[in-house]
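Novice: So the sequence shown is numbered by the numbering used here: it starts at 68 and just counts up by one. Glycine residues also receive a C-beta, built at the ideal position from the N, C-alpha and C atoms. This is the structure I want to talk about, given as structure tokens.
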Amino acid sequence: MLLHWGLVGALVISLSTGWRIAGMTADGQLIHWVEALMLQGNVVRWHFWSAATLVALVVGYLALLWRTGLTGRLSLRLASFKSADRTTRLQAINRLIFWLAFALLAGMAVTGVLLYFFPGTLPTDSLIPVHYRLAWGV
Numbered sequence: 068m069l070l071h072w073g074l075v076g077a078l079v080i081s082l083s084t085g086w087r088i089a090g091m092t093a094d095g096q097l098i099h100w101v102e103a104l105m106l107q108g109n110v111v112r113w114h115f116w117s118a119a120t121l122v123a124l125v126v127g128y129l130a131l132l133w134r135t136g137l138t139g140r141l142s143l144r145l146a147s148f149k150s151a152d153r154t155t156r157l158q159a160i161n162r163l164i165f166w167l168a169f170a171l172l173a174g175m176a177v178t179g180v181l182l183y184f185f186p187g188t189l190p191t192d193s194l195i196p197v198h199y200r201l202a203w204g205v
């Protein structure tokens, strides 16, 4: 339970600070409708620490599943999607959503590390929109 709510809190702070950063630099109008939800002040520091916490908690969750032998909770099987049992299909969709979230968070972590620690390694003008769209995917 603590892992879950830690993930939720870190994700909310990370998205809110990320939207503030994007709102300071983006030309688009899409970000302005969430203006009231965004944090103020030194958001880059909050964004970095919440993202680092988020990654650490996801790694901790995966380690917990592995150490307790519950890796089957995340296993995807094509037969589950085709099952006649509604509960089995819904569980398969839930697992797919988990893997989609893991992929989006991994993509955001990689692009965030490249932007923060290795600026200029890849063209920033093309890396920022990727990071931005991954965030909206979450």
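Among the residues of its own chain, which have a CB less than 6 Å from the CB of serine 117, if the five just before and after it don't count?
Specialist: In the sequence shown, residue 117 corresponds to position 50, counting from 1. The residues are Ala77, Ile80, Ser81.
Novice: Taking only three categories from DSSP, how would you classify arginine 144?
Specialist: Here residue 144 refers to the residue found at position 77 of the sequence shown. Coil, per DSSP.
Novice: To the nearest angstrom, report how far apart leucine 157 and leucine 163 are at their CA atoms.
Specialist: Against the sequence shown, residue 157 aligns to sequence position 90. Against the sequence shown, residue 163 aligns to sequence position 96. If you take the alpha carbons of leucine 157 and leucine 163, they lie about 10 Å apart.
Novice: I'd like the list of long-range same chain contacts for leucine 132, defined as Cβ closer than 7 Å, with 5 residues on each side in sequence excluded.
Specialist: On the sequence shown, position 65 is the one that residue 132 refers to. Closer than 7 Å at the Cβ level, and outside the excluded window around leucine 132, lie Thr138, Arg140, Leu141.
Novice: Looking at the structure shown, is serine 81 part of a helix, part of a strand, or coil, going by DSSP?
Specialist: For this step, residue 81 is matched to residue 14 along the sequence shown. Note: serine 81 maps to helix in three-state DSSP.
Novice: With a CB to CB cut of under 8 Å and the five nearest residues on each side skipped, what residues in its chain are close to leucine 145?
Specialist: For the purposes of this step, residue 145 is taken as the residue at position 78 of the sequence shown. Within the same chain, leucine 145 has no close Cβ partners at all.
Novice: Can you list, in chain order, the residues of its chain whose CB lies under 8 Å from that of tyrosine 183, leaving out five sequence neighbours each side?
Specialist: What you label residue 183 is simply residue 116 of the sequence shown in a count that begins at 1. Closer than 8 Å at Cβ, skipping near neighbours: Phe115.
Novice: Go through its chain and collect everything with a Cβ distance to leucine 181's Cβ below 8 Å, but skip five positions before and after it.
Specialist: As a working mapping, residue 181 is identified with position 114 in the sequence shown. Excluding positions up to five away in sequence, the list reads Thr188, Leu189, Leu194.
Novice: Evaluate isoleucine 160 with the Cβ neighbour count: other Cβ atoms within 10 Å of its Cβ, from every protein chain shown; 16 or more gives buried, anything less gives exposed.
Specialist: In the sequence shown, the residue the question calls residue 160 occupies position 93. The residue in question, isoleucine 160, is exposed, as its Cβ has fewer than 16 Cβ neighbours within 10 Å.
Novice: Quick one: what does DSSP say glutamine 158 is sitting in, helix, strand or coil?
Specialist: For the purposes of this step, residue 158 is taken as the residue at position 91 of the sequence shown. Looking at glutamine 158 - three-state DSSP - the assignment turns out to be helix.
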